[in-house]
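Undergrad:
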Amino acid sequence: NEKGDGASGSLDGPTRKPLKRVYEHKLVRTDSRNPVGRLDAFLRHPKQISLKRRASATKQPRTNLSSVKELYAEVESKNNESLKEIFSDNVFVGCADTTFTLLQHKTKLFLVNMPLITQFLFYERILLNFGCMNHFRLSQPAPIHQMILLALESESSKWKKEDGDKVTIATKLTDLLISKSQMLSEYFSIDINGSGELTALPELIPNYVPPMGMLPIFLFRLSLEVNWYNERSCFRDVCKELAEFYKVHPQKYLNHSVSANSPEKNQISLKWVIQ
2 NEKGDGASGS LDGPTRKPLK RVYEHKLVRT DSRNPVGRLD AFLRHPKQIS
52 LKRRASATKQ PRTNLSSVKE LYAEVESKNN ESLKEIFSDN VFVGCADTTF
102 TLLQHKTKLF LVNMPLITQF LFYERILLNF GCMNHFRLSQ PAPIHQMILL
152 ALESESSKWK KEDGDKVTIA TKLTDLLISK SQMLSEYFSI DINGSGELTA
202 LPELIPNYVP PMGMLPIFLF RLSLEVNWYN ERSCFRDVCK ELAEFYKVHP
252 QKYLNHSVSA NSPEKNQISL KWVIQ
């Protein structure tokens with residue numbers, strides 16, 4: 002038999018090349034080493050970030066105060082090695098909605114509750130940078146008395162008639178915060194002037210502005226929910242209230258700072274905040 006172009010006269014038919022094995026990690030379209038293959042490439046999301054860090058020695062607060070070191074030791078005692086590995090080596094895939102975010106770790110996807118996880122994040126960062134935090138100035142000082150009155154009008158304040166007059170309550174709580182202004186400024190970069198106006202807040206993450214729609218309830222809780230008579234309890238309570246304020250609150254970002262939709266020139270997107 003004569004050999005034709007590209008064909009064999011053998012009874013076994015045409016010669017076939019052996020198939021190459023496709024490894025499992027190449028079957029996953031969200032590959033941390035290949036941005037083009039990630040899920041976001043299919044969703045056309047721009048500029049994703051891969052977070053990968055070497056495991057470092059245990060961090061310590063930058064202050065010598067024993068009460069703060071004890072509080073941070075409590076955080077470290079609850080450390081979970083599996084979660085630590087996930088959050089130290091992951092790819093931000095995208096926002097599932099305004100509450101949950103998708104992260105990729107190796108070949109697995111994780112659905113993360115952002116309000117919850119960011120609350121823990123900010124609490125830890127406040128302890129680590131205790132007394133050494135940068136701050137940002139408010140474009141206009143916020144009158145604390147007015148902010149607390151706004152908080153008392155909301156259901157979250159749980160105000161009842163038997164609690165007393167709202168104006169009287171706001172005056173007392175404002176005076177309390179003014180009396181604690183030196184400590185709040187020195188340790189937490191919360192600046193309050195003598196007129197009872199909030200002028201600055203801590204910058205816990207560069208370029209991140211907390212959801213200012215939560216400012217009234219934050220000032221209300223800061224004045225009411227903190228044990229001012231015990232150092233350790235006081236520091237813990239202020240850290241908790243700051244973390245609650247700074248965590249992701251999807252519906253509480255003011256229009257001039259964060260937009261859940263396409264941002265304008267003077268806005269950043271909620272997706273950017275979470276990422």
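Sequential numbering from 2 applies to the sequence shown in my numbering. Ideal Cβ placement from N, Cα and C applies to all residues, glycine included. From a predicted model like this one, the values you see are computed outputs, not experimental measurements.
1) Of all the options D176, F246, Y230, S180, which has the alpha carbon lying nearest to the alpha carbon of L205?
2) Let's test the definition: count the other Cβ atoms within 10 Å of the Cβ of R222 and tell me whether it reaches 16, buried, or not, exposed.
3) At which residues does the beta strand (DSSP E) containing A201 begin and terminate?
4) Below 8 Å between beta carbons: does that hold for F101 and L112?
5) Grouping DSSP H, G and I as helix and E and B as strand, with all else coil, what is Q61?
6) Quick check: what's the CA-CA separation for F123 versus G165?
7) Could you compute how far the alpha carbon of K248 sits from the alpha carbon of K162?
8) According to DSSP, is D98 helix, strand or coil?
9) Tell me the rounded alpha-carbon separation between P207 and T169.
10) What residue from P251, H250, A244 has the CA that sits closest to L128's CA?
11) Please list the segments of the alpha helix (DSSP H) lying wholly inside the stretch 190-242, counting only runs of 4 or more residues, in order along the chain.
TA: According to the structure data:
1) Translated into positions along the sequence shown, residue 205 becomes position 204. Out of D176, F246, Y230, S180, F246 has the C-alpha closest to the C-alpha of L205.
2) Locating residue 222 in the sequence shown gives position 221, counting from the first residue. By the neighbour-count rule (16 or more Cβ atoms within 10 Å), R222 is buried.
3) Taking the sequence shown and counting its residues from 1, one reaches residue 201 at position 200. Its beta strand (DSSP E) spans residues 198-203.
4) Residue 101 sits at position 100 when you count from the first residue of the sequence shown. Residue 112 sits at position 111 when you count from the first residue of the sequence shown. Yes, the pair counts as a contact, with Cβ atoms nearer than the cut-off.
5) For this step, residue 61 is matched to residue 60 along the sequence shown. It is coil, neither helix nor strand.
6) On the sequence shown, position 122 is the one that residue 123 refers to. On the sequence shown, position 164 is the one that residue 165 refers to. Their backbone Cα atoms lie some 34 Å apart in a straight line.
7) Residue numbering aside, residue 248 sits at position 247 when the sequence shown is read from its first letter. Residue numbering aside, residue 162 sits at position 161 when the sequence shown is read from its first letter. Roughly 31 Å separates the two Cα atoms.
8) By 1-based counting over the sequence shown, the position of residue 98 is 97. It is coil, neither helix nor strand.
9) Residue mapping note: residue 207 aligns to position 206 of the sequence shown, counting from 1. Residue mapping note: residue 169 aligns to position 168 of the sequence shown, counting from 1. Whole-angstrom Cα-Cα distance: 38 Å.
10) Here residue 128 is taken as the residue at index 127 of the sequence shown, counted from 1. Comparing Cα positions, the closest option is A244.
11) If only complete runs of 4 or more residues are kept, the stretch 190-242 shows the alpha helix (DSSP H) at 216-225, in order along the chain.
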